[in-house]
Amino acid sequence: MALNIAVCMKVAPDPDKYNQISLDPVTKTLVRSGIDSVISGTDLHAIELALQLKSKFGGKVTLISMGPDSNEKQLREALGYGCDEAVLLSDRKLGGADALATSYTLYKGIEKMGGYDLVLLGNASDDGSTAHVPSQLGEWLGLPHLTDVIGFEMSEESFCLAKKEVEGAVNTYRLSLPAVIGVTKRLNTVRHPNVMAIFAAKKKPFIKLTAADLENLDESRIGLAGSPTQAVGYLDADFHRDCVEITGKDDAEKAAELLRVVLTAKK
Amino acid sequence: MKELWIVAEQNRGVIAASFYEILSKAKAVYASAQEQPCFAAVVLAGDEMPAAELKSSGVDKIYLASEPMLADYNPALYTAVLTAMAETYRPEILLVAASAQGSEVAPGVSARLKTGLAAHCTELKLDEQEQLHMIAPAFGGKLMGEYIIPTCRPVMASIKPGVFESVPQTAKDAELVCFDASDIVAAEAGIELVSSEEVVETELPIEKAEVLVCAGLGSAVTGNFEKVKTFAKKLGASFCYTRPIADLGYMPNEHAMVGTSGKTVKPKLYIGFGVSGAAQHVCGMKDSGMIININSDEEADSFRISNYKVVSDCGAVLDELLKQI
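Protein chains in written order, with our numbering: chain B, 1 to 267; chain D, 1001 to 1325.
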């Protein structure tokens, strides 16, 4: 048996640099200059799971991403992890999409590629963090889906077992395949590629699809115009407090003063 | 009359606190609105018991789908039933808790209804036209995004638990509407619950703690993680941690994780060790009474939101604290 797996991957601003994001005081638009775009962190764990399954069952791992042409860089990087091919859905018409329009576009891309046994993706992106796309994609595809997955097992090709935390319990669900799974960072440890693999990735198939390539595309469901949720604007989230430094000649003194402050506040 | 629905999540038959928080906020938001909505609670449960608890909660209506198959959470069944209820009764607004269940069911429902959904909202307000605006953290809480759903209905939002205060409401004799979900739960869902391991919380939930001691990545990578826990215990405080602590496996679960993707806390006193002050963590604890941070990095962002700081190696400070306490 062989598994045909898709991993949906998002390219997002580097989360380590979020504290550099600011709002233009006049226009109230985002200022994010100098912040690199990276593979959204949780998606790496979806890639890791896909590669583990491929080595167990055989098959193929296809990366699918929606975004500008510049995403080729991060897709090539992801191919270096051991994925087999990459599909970029890139078109100006797709820009400004909310989660619903994004999931619809990914669904159309998956359909165009002929469908998969398993669709994996990071539960939430680093930037938007809505965690909406996995369930919405599952709904568009009409497939069983589970999000926030912390454990995953598969012993045969017809179904999988996926574990998630719910209120007051850890539940294990059995999903018939094909299925859509949103994974968390807790699922596995990502193995980073070596130099040879990164070089090999340069020759791997890279497919670019535009809106015109997607069959039976309902243009009222893509991009900004197809997004029911609209951002009105951004507000600064500045929670600054005036801070007093607790000092002392050594850590013993600092700790003593800290303890005094703590015990007073605790009363 | 336009209806505002709030999903009253039940766990083992008990209505979650988040329902009362969302109801309190929704009532406050519409308190001076010209057009008053009908406030309705929506319950999916294994029997009729949870609905009884809601009778005097202050809602005007209760929609109940009661089927043995709905006793335990099944995302596919919950999504299908809630969608069918919304298609039948057409609410104007549909609010759910951004809990484990709500965060999964809401997007599925929004995709089926082809409507918008604002995620993990921490503020709601009306504009002059009485259109609902939803405000939620963006970029891990560095900024707040403000959203509207102008054309599609229902307007959907998931609301972060623990953010809004639960205020007792004037009891009304709520009308009970029973929804027959038997056909829906009988259909093949492609997903079934095979086992459920109950997690018994032996400690006070961190949302209820007056004093919280928090371990950040800085405490763990320097090998001082256990000391933070010991200090919390000795101080009689509850212990919590940041996202990387859970992601890197220092803790087996996320029960006491604070941040946009974890719990929202407002203790009287918060003490952080080796907490960098990433926006996603700050968003979950910024409303604490007093904030103290201990960090070796003079430039740590956590200091910007602190009332007190100690600039020193947190291991050394912890050693002294444990000696002196």
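Quick reminder that beta carbons are idealized off the backbone N, C-alpha and C, glycines included.
Scan the region 1131–1153 of chain D for residues whose Cβ lies nearer than 9 Å to a Cβ of chain B and list them as they occur along the chain. His1133, Met1134, Ile1135, Ala1136, Pro1137, Ala1138, Phe1139, Gly1140, Gly1141, Lys1142, Leu1143, Met1144, Gly1145, Glu1146, Tyr1147, Ile1148, Ile1149, Pro1150, Thr1151 and Cys1152
Where DSSP assigns a beta bridge to D/Trp1005, which residues make up the other side? D/Ala1040 and D/Leu1094
Rounded separation between D/Phe1039 and D/Lys1002 - CA only: 9 Å
Whole-angstrom distance between B/Gly128 and B/Arg260, CA atom to CA atom: 41 Å
When you compare only the Cα positions, how much space is there between D/Asn1295 and B/Val31? 28 Å
Give me the chain B residues within the contact set of D/Met1257, using Cβ-Cβ distance strictly less than 7 Å, ordered along the chain. Those within 7 Å of D/Met1257 in chain B number zero; the least Cβ separation is about 11 Å.
Where in the region 1058–1142 of chain D do unbroken runs of the beta strand (DSSP E), each at least 3 residues long, occur, reported from the N-terminal end onward? 1061–1066, 1093–1097, 1117–1121, 1123–1126 and 1132–1138
Which residues in the same chain have their Cβ closer than 8 Å to the Cβ of D/Met1257, if we skip the five residues on either side of it in sequence? Cys1240, Tyr1241, Thr1242, Arg1243, Ile1245, Ala1246, Met1251 and Lys1263
For D/Cys1283, the three-state DSSP class (helix, strand or coil): helix
Within 8 Å of any Cβ in chain D, is that where the Cβ of B/Val261 sits? yes
What is the DSSP secondary structure of D/Glu1203, counted as helix, strand or coil? coil
When you compare the region 1209–1224 of chain D with the region 1274–1286 of chain D, are there three or more beta-carbon pairs, one atom per stretch, that lie closer than 8 Å? yes
Compare the C-beta of B/Leu217 against all C-beta atoms of chain D and say whether one is closer than 8 Å. no
What is the rounded straight-line gap between the Cα of D/Ala1316 and the Cα of B/Asp251? 7 Å
Helix or strand or just coil, what does DSSP make of D/Ile1294? strand
Cβ closer than 8 Å: which chain B residues qualify as neighbours of D/Gly1108? Ser135, Gln136, Gly138, Glu139 and His145
Name, please, each residue of chain B whose Cβ falls closer than 9 Å to the Cβ of D/Glu1299. Result: empty, since nearest Cβ-Cβ is about 10 Å, beyond 9 Å.
Let me see if you follow: with CB-CB separation under 8 Å, is D/Ile1325 close to chain B or not? yes
Does the structure place the region 76–89 of chain B close enough to the region 199–208 of chain B that three or more beta carbon pairs sit under 8 Å? yes
Between the Cα of D/Val1213 and the Cα atoms of D/Ala1076, D/Asn1074, D/Lys1268 and D/Ser1057, which residue gives the shortest distance? D/Lys1268
With a cut-off of 8 Å, does the C-beta of D/Gly1272 fall near any C-beta of chain B? no
Any residues in the region 1186–1211 of chain D with a beta carbon nearer than 9 Å to a beta carbon of chain B? Which ones, in chain order? Glu1188, Ala1189, Gly1190, Ile1191, Glu1192, Leu1193, Val1194, Ser1195, Ser1196, Glu1197, Glu1198, Val1199, Val1200, Glu1201, Glu1210 and Val1211
Within chain D, partners of B/Arg76 - CB distance below 7 Å: Per Cβ cutoff of 7 Å: no residues; B/Arg76 is ~25 Å from chain D at best.
Is there contact between the region 93–105 of chain B and the region 1098–1118 of chain D, where contact requires at least three CB pairs shorter than 8 Å? yes
Show which residues of chain B have a CB atom less than 8 Å away from the CB atom of D/Phe1303. Cys243
Which value, in whole angstroms, describes the spacing of the CA atoms of B/Ala169 and D/Ala1100? 11 Å
Leaving aside the five residues before and after D/Ala1138 along the sequence, list all residues of the same chain whose C-beta is less than 6 Å from its C-beta, in chain order. Gly1145
Proximal chain D residues relative to B/Asp14, where beta-carbon distance stays under 7 Å: Within chain D, no residue comes near B/Asp14; the closest Cβ sits about 11 Å away, beyond 7 Å.
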